[in-house]
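Going by the working numbering, the first residue of the sequence shown is number 45, and it counts up by one from there. For every residue, glycine included, the Cβ atom is placed at its ideal position computed from N, Cα and C. Have a look at the structure below before the remarks.
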Amino acid sequence: MTRKPLIAGNWKMNLNHLEAIAHVQRLAFSLKDADFDAVEVAVFPPFTDIRSVQTLIDADKLKIRYGGQDCAETDSGAYTGQISAAFLTKLGCSFVILGHSERRLLNNESSADVALKLKSAIKHKLLPIVCVGESLDIRKSGNHVAVTVAQLKESLAGITKYDMGNVIVAYEPVWAIGTGEVAIPEDAEEMCGAIRNFLADEYGDAVADKVRILYGGSVKSGTAPGLMAMPNVDGALVGGASIDPDEFVAICRYRLALV
Ligand code: 13P
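Written out as structure tokens, the structure reads:
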């Protein structure tokens, strides 16, 4: 089975709704049909931008997809400051990022929390991007594969084989996020391959073959081709470089550097 690569731009808390419109317009101007034939392109703006991004994408019938950077566990209620998966679906989101290391660290989000959010995302037909990855200490200890796979297993708790087929996994080593220190392709492949083996054991070969596994952590246009050449790396979750439209477009076009 061929997995269509996904290039996802996680804007984090960058670009207000006016900047978001200008940014998406620049992406739309640069990206051509051939790019969208080769890769799926998605942006993850702050919540306050999503309505503006939706309006632009709908009006101009753009092929860029979009999603939220997080969602709540429940559909609605007394949860000040939270945004439900139901609301994201209503705004035309295709995806939602769950369990990003910044949320795990800064918002004390546990893998059990991620598993609950995942159920809500699936219920509302969002494609979840479940993030996992080890800290520098764990990497140095040599236990990075076991720790990351265990984190993934907990984050996926209670998910059926049927639903797992629509989940996307992102391997984002914490030591590579925002540090400029990108994992070398072989490191990314080691982990993404181990994740796929785990998925095969847990959900069967057909599901493991279908699930897209992204790499994230200091991906730039110069490093994307090497990472994307790895057989188990099916895309990139791009932070800092997704804020620069030219750089993000160049990452989406990594294939041109592979020929
Ligand atoms: P950077 O690309 O800025 O390292 O961020 C990666 C990331 O956290 C994407 O979700």
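Heavy atom of the ligand 13P within 8 Å of residue i beta-carbon
i: residue 223; result: yes
i: residue 265; result: no
i: residue 174; result: no
i: residue 67; result: no
i: residue 56; result: yes
i: residue 140; result: no
i: residue 237; result: no
i: residue 144; result: yes
i: residue 216; result: yes
i: residue 293; result: no
i: residue 262; result: yes
Coarse secondary structure for residue i, derived from DSSP in three states
i: residue 228; result: coil
i: residue 123; result: coil
i: residue 220; result: helix
i: residue 241; result: helix
i: residue 67; result: helix
i: residue 199; result: helix
Pair within 9 Å by beta-carbon distance, residue i and residue j
i: residue 247; j: residue 214; result: no
i: residue 85; j: residue 47; result: no
i: residue 49; j: residue 256; result: yes
i: residue 269; j: residue 240; result: no
i: residue 281; j: residue 103; result: no
i: residue 127; j: residue 112; result: yes
i: residue 144; j: residue 225; result: no
i: residue 236; j: residue 210; result: no
i: residue 218; j: residue 262; result: no
One or two residues paired with residue i in a DSSP bridge
i: residue 7; result: One cannot answer for residue 7 here, as it falls past the ends of the chain, which runs 45 to 303.
i: residue 174; result: 142, 213
i: residue 260; result: 281
First through last residue of the beta strand (DSSP E) which encompasses residue i
i: residue 109; result: 109-112
Element boundaries [alpha helix (DSSP H), containing residue i]
i: residue 206; result: 205-208
i: residue 102; result: 94-103
i: residue 255; result: First-last for residue 255: undefined, no H or E at that position.
i: residue 301; result: 299-302
i: residue 186; result: Element bounds for residue 186: n/a, residue is neither H nor E.
i: residue 156; result: 155-167
i: residue 118; result: No alpha helix (DSSP H) contains residue 118, which DSSP labels as neither H nor E.
i: residue 106; result: Unbroken run through residue 106: none, as it is neither H nor E.
Interface flag, residue i vs chain D, CB-CB below 9 Å
i: residue 293; result: The chain labelled as chain D is not found in the depicted structure, where only one protein chain is given.
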